[in-house]
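Chemist: Dropping a structure here in structure tokens format, bear with me for questions.
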Amino acid sequence: MSDGLSEDGSDINQEDEDVMTPAELIAKLEEAWLNEKFSPELLENKSEVVECVMEQLTHMEANLQRVKKGDAKASIHRMEIDRIRYVLSSYLRSRLQKIEKYFPHVLEKEKSREMGDASLLSPEEFAFAKEYYANTETYLKAMALKRMPPNLQTIDMLKAVPEPCLDSFVFLRVKERQENILVEPETDDQREYVVDLEEGSQHLMRYRTIAPLVSTGAVQLI
Amino acid sequence: MFGEKALELVRELHRMSDGQLPAFNEDGVRQVLQEMEALFEQNQADVNEAKVEGRSELIPSIKLRHCCLLRNQRCLTAYLYDRLLRIRALRWEYGSVLPPNIRFHMSAEELQWFSQYKKSLATFMKSLGNGEGLDITQDTKPPKSLYIQVRCVKDHGELEIDDGTVILLKRNSQHFLPRWKCEQLIRQGVLEHVVS
Amino acid sequence: MESQSYLPVPPGVGMEENFLSLDDILLSHERLPTRTECTFPRLGFLEKSTDSPDILETFIGRFRRTMDSSQNAYNEDTSALVEKLDSLEKALFKSGQSGLNGFQSWEKGQASQLTASSLVLNYRKRKINDVQP
Amino acid sequence: MFITDIRKEFYEVVANQRVALLVAADIDALCACKILQALFHCDQVQYTLVPVSGWQDLGTAFLEHKEQFSYFVLINCGANVDLLEMLQPDDNTLFFICDTHRPVDVVNVYNDSQVKLLIKQDDDLGVPSYDDIFRDEEEEEDDSGNESDEGSEPSGKRRRFDEGAMERRIERQREKREWEARREILFDYEQYEYHGTSASMMFFELAWVLSKDTKDMLWSIIGLTDQWIHDKITMKYITDVATLQRHVSRHNHKNEDEENSLSIDCMRISFEYLRLTLYQHWSLYESICNSCYTTCNFKLWTLNGQKKLQEFLADMLPLKQVRQKFNSMDLSIKENLRDIIEESSNKYMKDIRIQTFGVHFGFKNRFLASDMVHATAALLESTEKDENDSDNFIKALDSLSSNLERLHSGIDLAKKKLMAIQQTVASCICTNLILSQGPFLYCYLMEGTPDVKLFSKPLALTLLCKYLLKAFVQSTRNKRCRLLPLIMAAPKDIEKGTVIVVGIPPESETSDKKFFGRAFEKAAESTSSRTLHDHFDTSIELKMEDRSKFLDALITLLS
Amino acid sequence: MDPSEVEFIAEKEVVQIIPNFSLDKIYLIGGDLGPFNPGLPVSVPVWLALNLKQRQKCSIVPPEWMDIDKLEEMRELERKEDAFTPVPSPYYMELTKLLLNHSSDNIPKADEIRTLVKDIWDTRIAKLRLSADSFINQQEAHAKLDNLTLMEINTIRAFLLDSLNCMYKLRSNLQPGSTKGQFSDY
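Protein chains in written order, with the UniProt record's numbering: chain A, 1 to 222; chain B, 1 to 196; chain C, 1 to 133; chain D, 1 to 559; chain E, 1 to 186.
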């Protein structure tokens, strides 16, 4: 097999000023995967990472098609592909699960998004969420609501379907040092206080407190 | 007591906490809707009377009936919604074609919801990676090896391997195959992963 | 765990119930002892008891025991143990046990084996039971 | 044709292909299959493994898979029939046959294109030369002048050039073989059936050549032990066991310096030599009472034998130790058990030693090679519930795949089987069920005999046959019995009204050659008995009503 | 998270192997590997090392810390200190299990190592429970968890987070007037 299986793998994100190597790209995906797994709410989509990783996989698979049977390198490449595809699938799965779980809120948030704000959903996810909403609403109407007394023929999906609980605790590791993080008291006889989050340190605290730091990448959920 | 029928529906699902889908309780649903209709009609009459004839002593009963109506609405919606979640799970566990004995447990509307869900999911998966597509219902466990040893638990017929070749899955035959080709059949209980 | 695809609506976490949660519906039903009142403002299950702060105290006091029992009961029959816990603790005990079981099966090297979906297996069981009344 | 370089001519040919493995239901075949599977796993060779319990199964399995596979590996089946004739494969189908059944069919030997025999040529094969069996046929033919210039080509190769002619030729050949059956060369070659080097040893050698022989040694040991226990080989065992001893020594030597620090979980193979069955999983007493060697030497079915046994035990160890489970015996006794037994047994029997092996891993997992064989055989021929042959095959395979739970269930079944054998042996001897029929001894187990269902299977009946003959020879004063073979019949399928018939050579016989297969065939033929010879070994299934005429013919034939 | 996923992450760690084959450099998406030469040690991720080992294509060099003396020292320190001591690898438990299960013939004194690591693990888990208990007891809002590994966190994650949610529920039920849910009345 030729040595150039991924010779042109580093040209992703050409238009960005900071060029990411494939290895960095995979690291980004893994970060996003763990954050999504552990955060109670749906995080911003990382569709550009997803697209680039998919591209890498497709490219590699295409190269492997040309390799003759029984090539020792090919099987190592395939194992790597399997591993990356697992992370990718698992990541997209957790997102889809949350979209289904919180669909009215997710769509509401997307609707109320300011121009220029990063969008929560990728275009594909947005399409899926809308269909899911319509499908479910249609079903509930047809099966029950339509057959109920006139004053009960609607339910507020936003109130019926639960919201993510941002007050849940999460485990995290600090990637960039943060000062003066305000910790709210748990009980009436406690007082609020501030902590500094040293780089590399690990913590257990409420997601709400550090949610902005997750999206900036300053902390990693673990 | 009012609301008992609706609550029975909820209990019925709650008892099967592993996510199995019991047969759609058409009777139960109809009875709840009938109860609601009756409650509503009575309330309409009483509200009229209370308004027209000023019988304010009817108001507590009206309010109670209204509460019962709301409770019924909640129970019925929760019943239907929870069933959807179970039906959703079937897509992930069985794949897009369900065994007849399970379809048999679904109402026509549920089947419709299922087929729409299938479609949405398929569209989503197809659109990933600029139309490259990625089946995210596969790869449910971290990969360990490219190939795995599997044993066929029941006669299944033919299985197509990626390169177009076909193999016969006959009870008690054993195969060494690409892992990702087997995953779904293992989940469906057709193949068994042999670890030795 | 991802392997189980049925994810029911969980009970509400804070003050409010989840409208669609079967757990919450059944729980709120239990604490509607009198159904004659015209409004039912927040008949939370703690409201019945006036000494509710104690429940928190009790919970905290028993936390260690719940944790130790759920994480230590190495493959023993836990039914007798569970009997003594209240419903809240039972749910916690379950989550502790599932964590423990997951870890143990990992230690034994079983975690990487691909298995039939438990849903599929349960359906099969039911099918057999249907055939043999 | 015979393959000379198993690595180049077999392994490297299939290494990048998809392979169908058709595996006979015997333990050596299972072991060989385990070794091949392990190699295929290492090199990521995709395969499909199909158990085949007899000729019909083999035919079906081939039909079902011939579209999808061009490479077939047959383990312990296929060598002793004209395979191409039987299966009618396409030209591009290639068979690799690793089979211990002898004699190898001459057509298989001389087909160069489609049949590759993974068979050791230093085995005493005695294949007639091509010229002797094919050439003279040619000379007698008068209607095939156009073929004569190709006459010396091996048959299969020619098939490609002239399909029709080849078929006609095979047809003629077959006719010829029937009416010229007495033709000496072929007759001499085909009349005796015996077994060659175990399939698992063949594949172990392949693993060794590929330097991947670490884990596979155990399986070749079990495969060889199976051949010995189920009476497929006798003298050959001694030479083959020596080969494996050298391999084991080499391995143990390699690990010597690490031995002390090697994890307890790592498998260790040791030399063993006690002829006691399952003694590490039983009590010593039970093992002695159910091992062929000791029961025959003590003649345990007699009062005197029982008395001698008690003496022997009392001499050897406190009775409490003897009667309790091996696992609970005192450690000091366990450690010296082999010496203790050997010393005490000198007075009663010639040699309780036989060269064999043991395996141990973890703190408490210890098995003799023979333990594994008995356990696997019991699973393979389990008569429990309504399990079919392939279910049993899978279970037996599991017991060889470090599935300890399965192995222990096999050991439990094996104990039941061995006890049933001893009881049947005792009752056959005590009630004089063994009849001298002139040229052979004969014993028929009637329906209703306890545990008779166990003996409806060939391995179990063969084992019973072997134990019974040894016991009978020990117990009778008639010296001639040493020179007689034993034929046994037992009910096979009550609904179909059939019996299973097996035969074993005389106790005095030292060669491994048997003539029953041919004799059974002939006897059935001459009396038009309704028989089914589906099993790869010589055992046959026979209609109950035809039993006596079949037997009469057999007597005439062998007299 | 399932322990198998934690193990999956641990498999990215690098170990040295001694291959018995030769192969040119491989350019994987995640970085370059090799070249491989028979008998010459080379660094590869654990997932590859184990795969090659199972296919009898290499032996694995145990990581430096997988050593009786070092681990004994660690165990003593772990027992002495109240806080969690730094571990030699953030995946010490996963790597021990993986390497000992698949490659114990390459690791001297494998059984002792297994016991030592298990001892260390047990000591740390006992500490973890102690801190979890005190966290709940004090009704703390923040805890620092330095030196804890992912696998350790994972054993207690579901239980601890559920318990905290539980407490939150109990506590908010004590504060009247904090509801906004109108449905909860029915």
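Using N, Cα and C, we set each Cβ at its ideal position, and we do this for glycine too.
This one's a predicted model, so the numbers in the text were calculated from it and none came from an experiment.
Is H253/D near the ligand PLP, in the sense that its beta carbon is under 7 Å from a heavy atom of that ligand?
Modeler: Among the ligands in the structure shown, none appear at all, so the ligand PLP cannot be discussed.
Chemist: To which residues of the same chain is E94/E closer than 7 Å at the C-beta, ignoring the five residues directly before and after it?
Modeler: Closer than 7 Å at the Cβ level, and outside the excluded window around E94/E, lie V6, E7, A10, M151.
Chemist: Just the Cα atoms here: how many angstroms apart are D213/D and H102/E?
Modeler: So the alpha carbons of these two residues sit roughly 17 Å apart.
Chemist: Rounded C-beta distance between A129/A and L107/A? I'm assuming under 8 Å.
Modeler: Contact holds; Cβ gap of about 6 Å.
Chemist: Alpha helix (DSSP H) containing M36/B: first to last residue?
Modeler: Here the alpha helix (DSSP H) through M36/B covers 26-53.
Chemist: Helix, strand or coil for H14/B, going by three-state DSSP, please let me know.
Modeler: Residue state, collapsed to three classes: helix.
Chemist: Would you please verify whether the beta carbon of N18/C is less than 8 Å from any beta carbon of chain G?
Modeler: No chain G is present in this structure, whose protein chains are A, B, C, D and E.
Chemist: If the criterion is Cβ atoms closer than 8 Å, does the pair L9/B and L70/B meet it?
Modeler: Contact: no.
Chemist: Which whole-angstrom value is the C-beta distance of residue 560/D and L454/D, which I expect to be below 8 Å?
Modeler: Nothing can be reported for residue 560/D, as the shown portion of chain D is limited to 1 through 559.
Chemist: For Q202/A, write down the residues that DSSP places opposite it in a beta bridge.
Modeler: DSSP output for Q202/A lists R173/A as bridge partner(s).
Chemist: Between the Cα of S539/D and the Cα atoms of M86/D, W208/D, H230/D, which residue gives the shortest distance?
Modeler: Of M86/D, W208/D, H230/D, the residue nearest in Cα terms is H230/D.
Chemist: Going by DSSP, what residue range makes up the beta strand (DSSP E) through V42/E?
Modeler: V42/E -> beta strand (DSSP E) spans 42-45.
Chemist: Starting from A143/E, follow the beta strand (DSSP E) in both directions and report where the run begins and ends.
Modeler: First-last of the beta strand (DSSP E) with A143/E: 142-144.
Chemist: Less than 8 Å between the beta carbons of residue 225/A and E137/A, yes or no?
Modeler: Examination of residue 225/A is not possible in this model, given that chain A is present from 1 through 222 alone.
Chemist: Since E9/D sits in a beta bridge, which residues does DSSP pair it with?
Modeler: Beta-bridge pairing links E9/D to no other residue.
Chemist: Pairing CB atoms from the region 281-294 of chain D with CB atoms from the region 316-326 of chain D, are three or more of them under 8 Å?
Modeler: At 8 Å Cβ cutoff, the stretches touch.
Chemist: Pull up the distance between the alpha-carbon of P8/C and that of R15/B, whole angstroms please.
Modeler: Their Cα atoms are separated by approximately 13 Å.
Chemist: Whole angstroms is fine: what's the gap from L224/D's alpha carbon to D512/D's?
Modeler: L224/D and D512/D: Cα-Cα distance of roughly 14 Å.
Chemist: Between the alpha carbons of R124/E and L204/A, how many angstroms are there, rounded?
Modeler: One C-alpha to the other measures close to 17 Å.
Chemist: Which of the residues in the region 41-59 of chain D, read from start to end, lie with their CB under 8 Å from any CB of chain B?
Modeler: Within the region 41-59 of chain D, the qualifying residues are H41, Q44, V45, Q46, Y47, T48, L49, V50, P51.
Chemist: Looking only at its own chain, which residues have a Cβ that is under 6 Å from the Cβ of S148/D, when we skip the five neighbours before and after it?
Modeler: With a pLDDT of 43 at S148/D, under the threshold of 50, the modelled position of that residue is not reliable, and no figure is offered here.
Chemist: In terms of alpha-carbon separation, which member of Y110/D, I504/D, S390/D lies closest to D132/D?
Modeler: Measuring from the Cα of D132/D, the nearest candidate turns out to be Y110/D.
Chemist: For the alpha helix (DSSP H) containing V185/D, name the first residue and the last one.
Modeler: Reading the sequence as shown, one finds Ile at residue 185/D and not Val. I185/D -> alpha helix (DSSP H) spans 184-191.
Chemist: Is the CB-CB distance between G196/D and T60/D below 8 Å?
Modeler: Contact: no.
Chemist: Would you say the region 295-305 of chain D touches the region 466-486 of chain D, given that touching needs at least three Cβ pairs under 8 Å?
Modeler: As far as the Cβ criterion goes, the region 295-305 of chain D touches the region 466-486 of chain D, which means the pair count is three or higher.
Chemist: Starting from the Cα of V117/E, find the closest Cα among Y168/E, Y91/E, Q54/E, S131/E and give me that residue.
Modeler: The candidate whose alpha carbon is nearest that of V117/E is Y91/E.
Chemist: Please check if any C-beta of chain B sits within less than 8 Å of the C-beta of P164/A.
Modeler: No, P164/A lies away from the interface with chain B (no Cβ there is under 8 Å from its Cβ).
Chemist: Can you name, in chain order, every residue of its own chain whose Cβ lies under 6 Å from the Cβ of S59/E, other than the five neighbours on each side?
Modeler: The answer, listed in chain order, is I18, N106.
Chemist: Considering just the uninterrupted stretch of the beta strand (DSSP E) at G503/D, what are its terminal residues?
Modeler: From DSSP, the beta strand (DSSP E) with G503/D extends over 498-504.
Chemist: Check whether the Cβ of Q31/B lies closer than 8 Å to any Cβ atom in chain A.
Modeler: Not one chain A Cβ lies under 8 Å of Q31/B.
Chemist: Could you give the distance in angstroms between the alpha-carbon of D493/D and the alpha-carbon of R480/D?
Modeler: Answer to the nearest angstrom: the Cα atoms are 34 Å apart.
Chemist: Could you say which of D69/E, L50/E, I153/E lies nearest to L172/A if we only look at CA atoms?
Modeler: Ranking the options by Cα distance to L172/A, first place goes to I153/E.
Chemist: Within the same chain, show all residues whose beta-carbon is closer than 8 Å to that of R75/E, passing over the 5 residues directly before and after it, in chain order.
Modeler: Within the same chain, R75/E has close Cβ partners L116, D119, I120, T123.
Chemist: Please tell me whether F2/B has its Cβ less than 8 Å away from any Cβ of chain A.
Modeler: No - not a single Cβ of chain A is within 8 Å of the one on F2/B.
Chemist: Whole angstroms are fine: how far does the CA of L274/D sit from the CA of D339/D?
Modeler: When rounded, the distance between both Cα atoms is 10 Å.
Chemist: Can you tell which of A74/A, E30/A, Y91/A has its C-alpha closest to the C-alpha of K25/E?
Modeler: Closest by alpha carbon: A74/A.
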